[in-house]
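Engineer: Attaching a single structure in structure tokens format; questions to follow.
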Amino acid sequence: MDFNLTEEQSMLITTIREMGEKENFRELAMEVDATGEFPFQLLPMYSEMGLLGLTLSEEYGGGGQSALTAVLAIEELAKYSPMIAGPVFESNVGPIRVVDMFGTPEQKELLVRGVCAGDNSVSVCMTEPEAGSDLTSLSTTLTADGGDYVLNGRKIFITGGGHASHYLVYARYGDIMGYKGIGAVLVEKDTPGFTFGEQEQFMGLRGMPSCDLIFEDVRVPKENVVLKAGEFKNLMLTFDIERCGNAAMCLGVAAGACEEARTYATQREAFGRPICEFQDIQFRVVDMATRLEAARLLVYRAATGAGRGLPSMYEASMAKLFANEMVIDVTNSAALVFGGYGYSKQMPVERMVRDGRAWCVAGGTVQMLRVTVASVLFGRRFDQRKGK
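For the sequence shown, the working numbering gives the first residue as 26, with consecutive numbering after it.
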């Protein structure tokens, strides 16, 4: 498989690097982590550069680019911080892809065009108090009532909660059990009966909005339906692309940590010479770089398949699994290269260690990804429900 970048992709990476230096993204990453304020001010600049909606339909203002191009952009920005990469992630591999692929022309005109302009944002709403890894057990319900549906339930750990303009809510149609009853509807932020819990305080990813969503007899027009009952498989198609984006975040954080460790090792001296001359440091940095490159190959392979319109559950799950565990190993090793300074907030690796741990639970835990990969390797489905 050829992973040589096109001239356009190489120019994109160069442009992002130049922007990062010009806009002082290193300082911005520290500021966001310290204040917990998401950098919404980046949206107009990203929109003007065409970074928002790179992969979305050109008909509605998108760039029509491949998933790999979006992965490259996310990775480059995440070297500074996942918060700085966040808008590019959400506008290319997030729930807006579901709307772009399966929404109505009216939904696309409003949301795809709005997301590309930086005016709208869409948050995906899946996880519930009793349903995270097992999405087929969702208890949030949609009950038909005349020309509307009535939505009731609660979602937790929803990224963008309280800040996004629209929410793609996965729920169960009536009393249809199992995956056949799962679909999705769009809910606007200020809809009556729709409220938010308190903002979460996480170990890392400070600045990323996240909270509970509460739906109490929320009336949703039927024209807001994106996925009907029985279209659960369409969620999985787009979810594999989102997993590539999650893995791209890991690549970026790990690459940033590798560069910080390499630079520090050439500058820091011990026993009268740079610590990069000690074999332990050399081997540690080499192992970090090797793990990063291995993960990059897996992620690029999965993203290339998704870009052809053939997202592979096997490739996407394996890439995310490996990248999720890689970023934890690499950031931990980078902190050790810094010694005592690696535990200090004066150095960016301390933040990278915290940010790196988030991705192994977001978008599918590494445990469930192993179950998914195992089902492919053994050629059978493994039901995790007790007694099955």
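Just so you know, even glycine gets a beta-carbon here, dropped at the ideal spot from N, CA and C.
Which residues mark the beginning and the end of the beta strand (DSSP E) in which ASN177 is found?
Structural biologist: 173 to 184 is the extent of the beta strand (DSSP E) around ASN177.
Engineer: So, with DSSP's three-state summary, where would you put PHE296?
Structural biologist: Of the three classes helix, strand and coil, the one that applies to PHE296 here is coil, per DSSP.
Engineer: Just to confirm the assignment, what range does the beta strand (DSSP E) spanning TYR71 have?
Structural biologist: Taken as a continuous stretch (DSSP letters only), TYR71 belongs to no beta strand (DSSP E), being part of the alpha helix (DSSP H) at 68 to 74.
Engineer: Are the beta-carbon atoms of ALA341 and CYS269 separated by less than 7 Å?
Structural biologist: Yes, Cβ-Cβ distance for ALA341 and CYS269 is below 7 Å.
Engineer: Which first and last residues belong to the alpha helix (DSSP H) in which TYR339 is found?
Structural biologist: 338 to 362 is the span of the alpha helix (DSSP H), which, as asked, contains TYR339.
Engineer: Does the distance from the CB of ALA348 to the CB of ALA280 come in under 7 Å?
Structural biologist: In this structure, ALA280 does not lie closer than 7 Å to ALA348 by Cβ.
Engineer: Which of helix, strand or coil does DSSP assign to SER91?
Structural biologist: Residue state, collapsed to three classes: coil.
Engineer: Ordered along the chain, which non-local residues of its own chain (more than five positions away) have a Cβ less than 8 Å from that of GLU134?
Structural biologist: Answer for GLU134: TYR85, listed in chain order.
Engineer: Who pairs with LEU211 in a beta bridge, going by DSSP?
Structural biologist: BP columns for LEU211 point to LEU193.
Engineer: State the Cα-Cα distance for the pair LYS413 and ARG405, rounded to the nearest angstrom.
Structural biologist: Residue confidence for LYS413 is low, a pLDDT of 49 falling below 50, so the modelled location carries little weight; the figure read from the coordinates is stated next. Rounded to whole angstroms, LYS413 to ARG405 spans 14 Å at the Cα level.
Engineer: With DSSP run on the structure shown, which of helix, strand or coil describes VAL147?
Structural biologist: Strand.
Engineer: Please report the distance separating the alpha-carbon of LEU402 from that of SER337.
Structural biologist: Whole-angstrom Cα-Cα distance: 13 Å.
Engineer: Sort PRO130, GLU131, MET108, SER82 by Cα distance to ARG122 and report the nearest one.
Structural biologist: Checked all of PRO130, GLU131, MET108, SER82; the closest Cα to ARG122 is SER82.
Engineer: Just tell me which of ILE300, GLU225, GLN224, ALA169 has its CA closest to the CA of ASP200.
Structural biologist: Considering only alpha carbons, the answer is ALA169.
Engineer: Given a threshold of 16 other Cβ atoms within 10 Å of its Cβ, counted over all protein chains shown, does ARG321 qualify as buried or as exposed?
Structural biologist: Buried, because 16 or more other Cβ atoms sit within 10 Å of the Cβ of ARG321.
Engineer: Pick from ALA344, THR291, GLU294, LEU97: whose alpha carbon is nearest that of ARG316?
Structural biologist: The residue with the shortest Cα to Cα distance from ARG316 is ALA344.
Engineer: If ALA98 sits next to ILE41, beta carbons under 8 Å apart, how far is it from one beta carbon to the other, in whole angstroms?
Structural biologist: ALA98 to ILE41, Cβ: 6 Å. Contact.
Engineer: Does the distance from the CB of GLU100 to the CB of GLY277 come in under 7 Å?
Structural biologist: A contact, by the Cβ cut-off of 7 Å.
Engineer: Where in the stretch 198 to 248 do unbroken runs of the beta strand (DSSP E), each at least 3 residues long, occur, reported from the N-terminal end onward?
Structural biologist: Fully enclosed beta strand (DSSP E) runs of 3 or longer: 207 to 213, 219 to 221, 235 to 246.
Engineer: Is the stretch 235 to 246 touching the stretch 205 to 221, taking contact as three or more C-beta pairs under 8 Å?
Structural biologist: Segments in contact, yes.
Engineer: In the DSSP assignment, what residue or residues form a beta bridge with THR166?
Structural biologist: DSSP lists ASN177, ARG197 as partners of THR166.
Engineer: Could you check where the beta strand (DSSP E) with VAL250 kicks off and where it finishes?
Structural biologist: Run containing VAL250: 250 to 252, per the beta strand (DSSP E) assignment.
Engineer: Check ALA279 in the structure and name its three-state DSSP category.
Structural biologist: Helix.
Engineer: On a CA-only basis, which of TYR339, PHE65, VAL137 is nearest ILE266? Give me that one, please.
Structural biologist: Cα-wise, what sits closest to ILE266 is TYR339.
Engineer: Going by Cα to Cα distance, which pick from GLY45, ASP58, ASN49, THR31 is closest to GLY229?
Structural biologist: Of GLY45, ASP58, ASN49, THR31, the residue nearest in Cα terms is ASP58.
Engineer: Whose C-alpha, out of MET70, MET393, ALA92, TYR71, is nearest the C-alpha of ALA328?
Structural biologist: Of the candidates MET70, MET393, ALA92, TYR71, the one whose C-alpha sits nearest the C-alpha of ALA328 is ALA92.
Engineer: Given this structure, state the Cα-to-Cα distance separating THR166 from MET151, to the nearest angstrom.
Structural biologist: Computed Cα separation, rounded: 12 Å.
Engineer: If we ignore side chains and look at the alpha-carbon of each, how far apart do GLY367 and LEU211 end up?
Structural biologist: Rounded to the nearest angstrom, the two C-alpha atoms are 43 Å apart.
Engineer: Roughly how far, in whole angstroms, is the beta-carbon of VAL147 from the beta-carbon of LEU79, given that I think they are within contact range, below 8 Å?
Structural biologist: Going by Cβ atoms, the distance from VAL147 to LEU79 rounds to 16 Å, so no, they are not a contact pair.
Engineer: In three-state DSSP terms, what is GLU84?
Structural biologist: Residue state, collapsed to three classes: helix.
Engineer: Need the endpoints of the alpha helix (DSSP H) that VAL137 sits in, please.
Structural biologist: Element bounds for VAL137: n/a, residue is neither H nor E.
Engineer: According to DSSP, simplified to helix, strand and coil, what is GLU153?
Structural biologist: If DSSP states are grouped into helix, strand and coil, GLU153 belongs with the strands.
Engineer: Do ASP237 and ILE181 have their C-beta atoms closer together than 7 Å?
Structural biologist: Contact flag set, yes.
Engineer: May I ask which residues mark the beginning and end of the alpha helix (DSSP H) holding THR60?
Structural biologist: First-last of the alpha helix (DSSP H) with THR60: 50 to 60.
Engineer: When the distance is taken between beta carbons, is ASN259 closer than 7 Å to PHE407?
Structural biologist: Contact flag unset, no.
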